[in-house]
Amino acid sequence: LLIMAVLLIFIVMAALFESCLLPLSILTTVPMAFLGVIWLMYLTDTSMDTIAFIGCILMVGVVVNNGIVIVDHINQLRKQCLNRYDAIVQGGLDRLRPVLMTALTTILGAIPLAIGGRIGEPATVSLGMSMIGGLSAGTILTLFVVPLFYSFIDDLQQWFMRFFGELFSLRQG
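Its first residue numbered 68, the sequence shown is counted upward by one per residue in the numbering used here.
Right, dumping it as structure tokens:
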């Protein structure tokens, strides 16, 4: 189910950005965010059960949303004739507050789930822990890794365009 969710997210982002490469810059944070899930589950001695995987699916949605906010703003800045480096820096600065607000409200909202409380609700502990761990790592990584991979993928995309453009022009001549 988690793999299916990531594939559907990729398809929607490919349509949104009209590119199959740009969504990869956002999806690079998803596997790294799972390090935060594993780390917090290990530190709190919480078992990784089915409910925790539901928390991981929710976490993927928020992490990807934060990445989309940054990449979309970078693309808008580049359409306003900013060079790539300036657009990445300005996009990161402009979208720092919205990304942190989204992540912090979700993390703070998951604290009551992670604490548990009543005897009949032990299953929500793993849900809350997986969301908190994944969002904590995913948010930090989104702010640094997404712009980095955006520049790598943009370089790769420009190289492919030049390569196939030269190949096509050689074929025509």
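Even glycine gets a Cβ: it sits at the ideal position worked out from N, Cα and C.
Here the structure is a predicted model, which means the values were calculated and not measured.
Asked, Found
"Does the segment 160-173 come close enough to the segment 71-80 to have 3 or more Cβ pairs within less than 8 Å?", "no"
"Taking DSSP as the reference, what is the three-state secondary structure of residue 90?", "helix"
"CA-CA distance, residue 182 and residue 113?", "11 Å"
"Among the candidates 206, 142, 126, whose CA atom is the shortest distance from the CA of residue 167?", "206"
"With a Cβ-Cβ cutoff of 8 Å, do residue 123 and residue 197 count as a contact?", "yes"
"Rounded to a whole number of angstroms, what is the C-alpha to C-alpha distance between residue 164 and residue 68?", "31 Å"
"Look at the Cβ atom of residue 199, then the Cβ atom of residue 162, and state whether they are nearer than 8 Å.", "no"
"Taking the straight line between their C-alpha atoms, what separation do you get for residue 233 and residue 119?", "50 Å"
"Thinking residue 100 and residue 71 are a contact (beta carbons under 8 Å), I'd like their distance in whole angstroms, please.", "Wrong, their Cβ atoms sit about 18 Å apart, outside the cutoff."
"Verify whether the separation of the beta carbon atoms of residue 244 and residue 90 is less than 8 Å.", "An answer regarding residue 244 cannot be provided, because it is not within the stretch 68 to 240 covered by the chain."
"Using beta-carbon positions only, say whether residue 88 and residue 223 come within less than 8 Å of one another.", "yes"
"Given a threshold of 16 other Cβ atoms within 10 Å of its Cβ, counted over all protein chains shown, does residue 228 qualify as buried or as exposed?", "exposed"
"Span of the alpha helix (DSSP H) holding residue 148?", "Where residue 148 is concerned, there is no enclosing alpha helix (DSSP H), given that its DSSP letter is neither H nor E."
"Rounded to whole angstroms, how far is the Cβ of residue 155 from the Cβ of residue 135, which I believe are closer than 8 Å?", "The pair is not a contact, with the Cβ atoms about 15 Å apart (cut-off 8 Å)."
"What does the alpha-carbon distance come out to for the pair residue 148 and residue 139?", "15 Å"
"Which residue wins for smallest C-alpha separation from residue 150, given the options 221, 102, 132?", "221"
"Would you please state the rounded distance, in angstroms, between the beta carbons of residue 210 and residue 194? I believe it to be under 8 Å.", "Not really, about 25 Å apart at Cβ, beyond 8 Å."
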